[in-house]
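Participant: Mind having a look at this structure? Questions to follow.
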Amino acid sequence: CSKLYISLIGKPIEIGHFSIDSNKRMHFDKRQMKYLLSDLKIGELDLNADYSPGLLQQYVTIEKLHTLLKWILHFKVKLNVDFVTVRGTLSRIMCTPYSSKTYRNNWDICATKLNGIIYLTAVDTDKEIARIDEFPQLVRYMSWGYKFEQYLTTAQVDGEVDLTSRNNHEEYCIVLKNKFNDFSLLYQAEIDAVIPHQFSQTGSGDTSCYIELKTSQILKRTTDVFNFCSGKLNTWWAQSYLTGITEIICGRRNENGIVKYLDFYKISDIQDMAYGLWSPEVCLNFCDKFLKLVKRTATEDNPNIVYKFSYTGDGIVHIEKLANPEDKYKVLPGWYKTAME
Numbered sequence: 001c002s003k004l005y006i007s008l009i010g011k012p013i014e015i016g017h018f019s020i021d022s023n024k025r026m027h028f029d030k031r032q033m034k035y036l037l038s039d040l041k042i043g044e045l046d047l048n049a050d051y052s053p054g055l056l057q058q059y060v061t062i063e064k065l066h067t068l069l070k071w072i073l074h075f076k077v078k079l080n081v082d083f084v085t086v087r088g089t090l091s092r093i094m095c096t097p098y099s100s101k102t103y104r105n106n107w108d109i110c111a112t113k114l115n116g117i118i119y120l121t122a123v124d125t126d127k128e129i130a131r132i133d134e135f136p137q138l139v140r141y142m143s144w145g146y147k148f149e150q151y152l153t154t155a156q157v158d159g160e161v162d163l164t165s166r167n168n169h170e171e172y173c174i175v176l177k178n179k180f181n182d183f184s185l186l187y188q189a190e191i192d193a194v195i196p197h198q199f200s201q202t203g204s205g206d207t208s209c210y211i212e213l214k215t216s217q218i219l220k221r222t223t224d225v226f227n228f229c230s231g232k233l234n235t236w237w238a239q240s241y242l243t244g245i246t247e248i249i250c251g252r253r254n255e256n257g258i259v260k261y262l263d264f265y266k267i268s269d270i271q272d273m274a275y276g277l278w279s280p281e282v283c284l285n286f287c288d289k290f291l292k293l294v295k296r297t298a299t300e301d302n303p304n305i306v307y308k309f310s311y312t313g314d315g316i317v318h319i320e321k322l323a324n325p326e327d328k329y330k331v332l333p334g335w336y337k338t339a340m341e
């Protein structure tokens, strides 16, 4: 890695955690933390087991930020950062230079400044919402990812796999502080699993004990390899790099949702596997420039003002200042604004 690559972003430090249970209740503990199976010598995995689309959560992106706000209030955290956001928003920004040929080539990201701190979150675009309706198979794909995590994780070290949960509400998240060039950030990230016997000492802030679990189709054609290397690898790298995760396990599945084998990826090797289709430096530089743009633009310290940044794949970020934003664009909920008065 180049010095530029390293200097733009620091090493994330874990400062907290929380859990979301199957009823979407938030707990300020580790009850939803899972451990990776010690023995990964597994046969085929049917990701359709116990599939029930009615029990699957349709994510509202902004809710991710709201859970972090609840954590901030619960622990009475004294904020001393430039930005409060979530990993998904940051990774979305980072991958923008290479998103023109993917369905993720447009986004709306909203910012509100309160007490000198900018709260930043992506919001669901009309195009993204419509895509779920147009392609119901996407719901099944989401369920496959969740089921794969169930197959490979346990609640205790060397415990038994539990496949009984049929919804995807359950989450274990960590809260991270990091530096991005001149800016300090606080953000949350969902964690798939802990590597057994590598769990860091409480309070160390180290996140290398975590691992990402992904599913992706078996690569049969040249176009499959191109799409995987240019798209998914870019996204996976960004997500993992922001969390300090060093390894990904990918379940290679067929079109029917049957995992045939596992692939293992080191984050340090992923950029070489991209064959020059994308560059970490370009991703990080774009994110740095975007954060600077937000900092310059979101100048009015008012919890009711929203600055909307929109990208439609044309290479231009469009900006609107919303004095009376629609509910879906409101960054800060009423209960948070009241608590911070």
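With the first letter of the sequence shown counted as 1, position 268 gets the number 268 in UniProt numbering; the numbers rise by one all the way through.
Here a beta-carbon is modelled for each residue, glycine too, at the ideal position from N, C-alpha and C.
Give the secondary structure of K220 by DSSP, where H, G and I count as helix, E and B as strand, and everything else as coil.
Facilitator: Within the sequence shown, residue 220 is the residue found at index 220, counting from 1. The answer is coil: DSSP assigns K220 none of H, G, I, E or B.
Participant: Could you check the C-alpha separation between residue 362 and D108 for me, to the nearest Å?
Facilitator: Residue 362 cannot be examined here, being either before or after the span of the chain that is shown, 1 to 341.
Participant: Among the candidates T89, N324, L47, whose CA atom is the shortest distance from the CA of V259?
Facilitator: Within the sequence shown, numbered from 1, the residue matching residue 259 stands at position 259. Looking at the Cα atoms, L47 is the closest of the given residues.
Participant: Counting only the same chain and skipping the five closest in sequence on each side, list residues whose C-beta sits under 8 Å from that of S91.
Facilitator: To locate residue 91, count along the sequence shown from 1; it is residue 91. Closer than 8 Å at Cβ, skipping near neighbours: T235, A238, Q239, L242.
Participant: Could you give the DSSP three-state label for C229: helix, strand or coil?
Facilitator: The residue given as residue 229 occupies position 229 in the sequence shown. Here C229 sits in helix by DSSP.
Participant: Output the residue ranges of the beta strand (DSSP E) runs that lie fully inside the stretch 262-319 and measure 3 residues or longer, sorted by chain position.
Facilitator: If we require 3 residues or more, the beta strand (DSSP E) runs fully inside the stretch 262-319 come out as 306-311.
Participant: Look at the alpha carbon of T299 and the alpha carbon of M273, and state the distance between them as a whole number of angstroms.
Facilitator: Residue numbering aside, residue 299 sits at position 299 when the sequence shown is read from its first letter. Residue numbering aside, residue 273 sits at position 273 when the sequence shown is read from its first letter. Taking the straight line joining both Cα atoms gives about 41 Å.
Participant: Tell me whether N115 is buried or exposed, calling it buried when 16 or more other Cβ atoms sit within 10 Å of its Cβ.
Facilitator: Counting from 1 along the sequence shown, the entry for residue 115 is found at position 115. By the neighbour-count rule (16 or more Cβ atoms within 10 Å), N115 is not buried but exposed.
Participant: With respect to the beta strand (DSSP E) encompassing H17, which residues constitute its N-terminal and C-terminal limits?
Facilitator: Within the sequence shown, the letter at position 17 stands for residue 17. Taken as a continuous stretch (DSSP letters only), the beta strand (DSSP E) holding H17 covers 13-20.
Participant: According to DSSP, which residues form a beta bridge with Y172?
Facilitator: Here the question's residue 172 lines up with position 172 in the sequence shown. Note: Y172 sits in a beta bridge opposite S19.
Participant: If we count the other Cβ atoms within 10 Å of its Cβ and call it buried at 16 or more, is residue 380 buried or exposed?
Facilitator: With the chain running from 1 to 341 in the structure shown, residue 380 is simply not present.
Participant: Under the rule that 16 or more other beta-carbon atoms within 10 Å means buried, what is L138, buried or exposed?
Facilitator: Here residue 138 is taken as the residue at index 138 of the sequence shown, counted from 1. Exposed, by the Cβ-count rule.
Participant: With respect to the beta strand (DSSP E) encompassing residue 426, which residues constitute its N-terminal and C-terminal limits?
Facilitator: The question about residue 426 has no answer, for the chain in this structure spans 1 to 341.
Participant: Kindly provide the ranges of any alpha helix (DSSP H) runs that are 4 or more residues long and lie completely inside the stretch 76-141, ordered along the chain.
Facilitator: DSSP runs (the alpha helix (DSSP H)) wholly in the stretch 76-141: 87-94, 126-134.
Participant: Report yes or no: do the stretch 12-19 and the stretch 59-75 share at least 3 C-beta pairs separated by less than 8 Å?
Facilitator: The stretch 12-19, when compared against the stretch 59-75, does touch it at the 8 Å Cβ threshold.
Participant: Anyone know if the C-beta pair for N168 and D288 falls short of 8 Å?
Facilitator: Taking the first residue of the sequence shown as position 1, residue 168 is located at position 168. Taking the first residue of the sequence shown as position 1, residue 288 is located at position 288. No, Cβ-Cβ distance for N168 and D288 is not below 8 Å.
Participant: As a quick exercise: from M33, A49, T96, pick the residue whose alpha carbon is nearest that of L283.
Facilitator: Within the sequence shown, residue 283 is the residue found at index 283, counting from 1. For clarity, residue 283 is Cys in the given sequence; the question names Leu instead. Measuring from the Cα of C283, the nearest candidate turns out to be T96.
Participant: How many Å lie between C173 and D158 at the Cα?
Facilitator: Indexing the sequence shown from 1 puts residue 173 at position 173. Indexing the sequence shown from 1 puts residue 158 at position 158. Distance between the alpha carbons of C173 and D158: 22 Å.
Participant: Please go through the same chain and pick out, in chain order, the residues whose beta-carbon is closer than 6 Å to the beta-carbon of K337, but skip the five residues on each side of it.
Facilitator: Walking along the sequence shown from the start, residue 337 turns up at place 337. Excluding residues within five positions, the ones whose Cβ falls inside 6 Å are P303.
Participant: Can you tell me which of F290, L163, K220 puts its alpha carbon nearest to the alpha carbon of I316?
Facilitator: By one-based count along the sequence shown, residue 316 stands at place 316. When each option's Cα is compared against that of I316, the closest is F290.
Participant: Determine the direct distance from the alpha carbon of T223 to that of A189, and round the result to whole angstroms.
Facilitator: As a working mapping, residue 189 is identified with position 189 in the sequence shown. As a working mapping, residue 223 is identified with position 223 in the sequence shown. Cα-Cα distance, rounded: 31 Å.
Participant: Beta carbon of L8, beta carbon of V81: below 8 Å?
Facilitator: On the sequence shown, residue 8 is found 8 positions in, with the first residue counted as 1. On the sequence shown, residue 81 is found 81 positions in, with the first residue counted as 1. In this structure, V81 does not lie closer than 8 Å to L8 by Cβ.
Participant: May I have the straight-line CA-CA distance separating Y261 from E44, to the nearest angstrom?
Facilitator: Locating residue 261 in the sequence shown gives position 261, counting from the first residue. Locating residue 44 in the sequence shown gives position 44, counting from the first residue. Each residue's alpha carbon lies about 7 Å from the other.
Participant: For P325, count the other beta carbons within 10 Å of its own beta carbon; 16 or more makes it buried, fewer makes it exposed. Which is it?
Facilitator: Taking the sequence shown and counting its residues from 1, one reaches residue 325 at position 325. With 16 or more other Cβ atoms within 10 Å, it is buried.
Participant: Quick check: L219 and V225, are their CB atoms within less than 8 Å of each other?
Facilitator: For the purposes of this step, residue 219 is taken as the residue at position 219 of the sequence shown. For the purposes of this step, residue 225 is taken as the residue at position 225 of the sequence shown. Yes, they are a contact pair.
Participant: Suppose you measure from the CA of Q156 to the CA of S208; what does that come to, to the nearest Å?
Facilitator: As a position in the sequence shown, residue 156 is number 156, starting the count at 1. As a position in the sequence shown, residue 208 is number 208, starting the count at 1. Distance between the alpha carbons of Q156 and S208: 19 Å.
Participant: Give the single residue among G251, S279, K321 whose Cα lies nearest to the Cα of L40.
Facilitator: For this step, residue 40 is matched to residue 40 along the sequence shown. The candidate whose alpha carbon is nearest that of L40 is G251.
Participant: Look at the alpha carbon of E247 and the alpha carbon of K308, and state the distance between them as a whole number of angstroms.
Facilitator: Counted from its first residue, the sequence shown places residue 247 at position 247. Counted from its first residue, the sequence shown places residue 308 at position 308. Approximately 34 Å between the Cα atoms of the pair.
Participant: Which partner residues of Y241 appear in the DSSP bridge assignment?
Facilitator: The residue you call residue 241 lines up with position 241 of the sequence shown. Partner(s): none; Y241 has no beta bridge.
Participant: Could you spell out where the beta strand (DSSP E) holding Y187 opens and where it closes?
Facilitator: The residue given as residue 187 occupies position 187 in the sequence shown. From DSSP, the beta strand (DSSP E) with Y187 extends over 183-190.
Participant: Give the secondary structure of I258 by DSSP, where H, G and I count as helix, E and B as strand, and everything else as coil.
Facilitator: Translated into positions along the sequence shown, residue 258 becomes position 258. The answer is strand: DSSP assigns I258 an E or B state.
Participant: Do you know whose CA, among S279, K11, I132, D192, lies nearest I249's CA?
Facilitator: Walking along the sequence shown from the start, residue 249 turns up at place 249. Per the Cα distances, D192.
Participant: Between which two residues does the alpha helix (DSSP H) containing Y329 stretch?
Facilitator: As a position in the sequence shown, residue 329 is number 329, starting the count at 1. Per DSSP, Y329 belongs to no alpha helix (DSSP H) and is neither H nor E.
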